[in-house]
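Under our numbering, the sequence shown has 47 at position 47, and the numbering climbs by one with no breaks.
Glycine is no exception: its CB is placed at the ideal position from the N, C-alpha and C atoms.
This structure is a prediction, so every number in the text was calculated from the model and none was measured.
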Amino acid sequence: MADVCTDLAAQGVAAWNLEYRRTGGGGGWPETFADVAAGTDALAELDLPLDLERVVA
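Given below as structure tokens:
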């Protein structure tokens, strides 16, 4: 995934690779979903010129 994000960034596209808990050890539903939601919500807190209406997940 890091290579994909690097390639997208080189083309002027903002890209994030969100990590999340897998099953076991505190992961699974709903924790995995909560991790991804928290990562997505963090975008709004960044001081970057991002159009958060144009997001692909």
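One Cα belongs to Asp35, the other to Arg54, and the distance between them is close to 21 angstroms. DSSP places Thr40 in the uninterrupted alpha helix (DSSP H) bounded by 31–43. With contacts defined by Cβ atoms closer than 8 angstroms, Ala38 and Asn17 do not form a contacting pair.
Straight-line spacing of the CA atoms in Leu52 and Gly24 works out to 32 angstroms.
Taking the Cα positions, Leu48 is about 14 angstroms away from Ala9.
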